[in-house]
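Student: Dropping the structure in here first, questions after.
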DNA sequence: GTACATTTGTTGCAGATGCAACTAATAATT
DNA sequence: AATTATTAGTTGCATCTGCAACAAATGTAC
């Protein structure tokens with residue numbers, strides 16, 4: 167590939183990602199959902215199924231354990247979840263959503279879908295699917311170097 | 167598009183972007199280039215042409231002025247650039263690279279290209295070009311809502 | 001079964017981010 | 001010319017990030 171096009175790839179990816187995240191933050195705020203985009207990513211996983219240890223969360227988020235610790239601190243402080251100590255392995259906690267935490271799911275997902283629809287506006291289903299595969303390919307390339 | 171596929175789009179984009187940024191941080195460190203990925207993005211613009219006011223930098227980076235202020239603080243502290251007060255408009259500074267700042271260009275760009283090559287490994291030029299257009303399309307969608 | 005290693009989560013540190021409030025300087029209105 | 005925007009840059013606050021060092025619990029090896 168032309169080396170002059172290789173240089174700005176990071177910029178293009180960074181711009182697309184930044185705009186997407188900002189748009190999500192905006193949508194969540196508009197909808198009155200008290201979550202930042204990063205908190206949303208954590209909650210998204212918890213809504214799919216509670217009781218993951220924090221290290222699994224970190225892995226799934228591509229973040230380190232320390233970052234997960236602190237996002238959970240905030241979410242616990244704000245009453246969206248609780249850490250429950252695990253009897254089987256006392257190093258770990260089970261994360262359990264509160265009623266409040268569970269209640270935000272629908273609205274938050276609607277915000278997320280609105281962002282995606284803005285992002286993909288004007289693309290056919292086929293073009294969007296090709297774009298998805300492109301991103302998945304990149305992820306795979308980084309995960310198996 | 168199938169609503170179940172609309173939900174994880176942010177996650178896919180986030181993963182690809184995160185892995186790319188982490189890989190760049192790693193490459194820069196390996197090559198002994200004293201820049202974080204965010205600092206690299208700023209320097210990239212300055213290498214193309216000095217003397218931009220900070221607000222233009224912010225616009226180009228999709229960041230707010232405050233963020234640019236603080237990245238420049240760090241880069242100035244580390245001797246990569248200097249703020250020169252502008253006689254014509256005393257609100258602004260001209261950012262000027264130091265010799266040290268200019269000297270990092272080649273190595274840093276090589277790191278960036280290595281990251282891109284990893285990202286795009288296994289894709290044809292045509293597929294990569296389609297991926298670029300996909301990302302550009304998303305950027306355009308967010309910029310003209 | 002004791003010593004060593006690994007794993008889980010936390011904290012300290014330096015770097016980023018957006019938003020809102022602020023100062024100083026320039027532009028626009030009247 | 002004087003008042004009123006508007007613009008460029010900075011600072012405070014809350015959030016988020018990775019890395020490295022650490023404690024406590026669990027696993028492994030001898």
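Residue numbers (this note's numbering), protein chains in the order written: chain A, 167 to 311; chain B, 167 to 311.
Beta carbons: idealized from backbone N, C-alpha and C, even for Gly.
No experiment lies behind these values; they were computed from the predicted model shown.
1. In the stretch 177-206 of chain A, which residues sit with their C-beta less than 9 Å from some C-beta in chain B, listed in chain order?
2. With residue 269 of chain A and residue 217 of chain A assumed to form a contact (beta carbons below 8 Å), what rounded beta-carbon distance in angstroms separates them?
3. Spatial neighbours of residue 207 of chain B within its chain, please: CB distance less than 8 Å, with the 5 preceding and 5 following residues excluded, ordered by chain position.
4. Could you name the residues of the stretch 271-284 of chain B whose beta carbon sits closer than 8 Å to any beta carbon of chain A, in the order they occur along the chain?
5. Please classify residue 183 of chain B: is it buried, with 16 or more other beta-carbons within 10 angstroms of its beta-carbon, or exposed?
6. What are the boundary residues of the alpha helix (DSSP H) that residue 228 of chain A is part of?
7. Could you tell me which of A/197, A/212, A/301 sits nearest to residue 265 of chain A, measuring between CA atoms?
8. Curious, which full-length beta strand (DSSP E) runs of at least 3 residues does the stretch 249-280 of chain B contain?
9. What are the partner residues of residue 201 of chain A, as DSSP defines its beta bridges?
10. Is the beta carbon of residue 203 of chain B less than 7 Å from the beta carbon of residue 223 of chain B?
11. So, residue 294 of chain B versus residue 304 of chain A, is the Cβ gap smaller than 7 Å?
12. What do you reckon, are the CB atoms on residue 301 of chain A and residue 187 of chain B nearer than 7 Å?
13. Can you tell which of A/291, A/185, A/174 has the C-alpha that lies nearest to the C-alpha of residue 306 of chain B?
14. Compare the C-alpha of residue 195 of chain B against each of B/292, B/274, B/241 and name the closest.
15. In chain order, what residues of the same chain lie with their CB nearer than 6 Å to the CB of residue 181 of chain A, ignoring the 5 residues before and after it?
16. Kindly indicate which three-state DSSP category residue 238 of chain A falls into: helix, strand or coil?
17. For the ligand SAM, is there a heavy atom less than 6 Å away from the beta-carbon of residue 184 of chain B?
Tutor: Let's see:
1. 177, 178, 179, 180, 181, 182, 183, 184, 185, 186, 187, 188, 189, 190, 203, 206
2. Going by Cβ atoms, the distance from residue 269 of chain A to residue 217 of chain A rounds to 19 Å, so no, they are not a contact pair.
3. 227
4. 275, 278, 279, 281, 282, 283, 284
5. buried
6. Counting along the chain, residue 228 of chain A falls outside any alpha helix (DSSP H), and DSSP gives it neither H nor E.
7. A/212
8. 259-263
9. Residue 201 of chain A is not bridged to any residue.
10. no
11. no
12. no
13. A/185
14. B/274
15. none
16. helix
17. Of the ligands one can find in the structure shown there are none, so the ligand SAM has no counterpart to examine.
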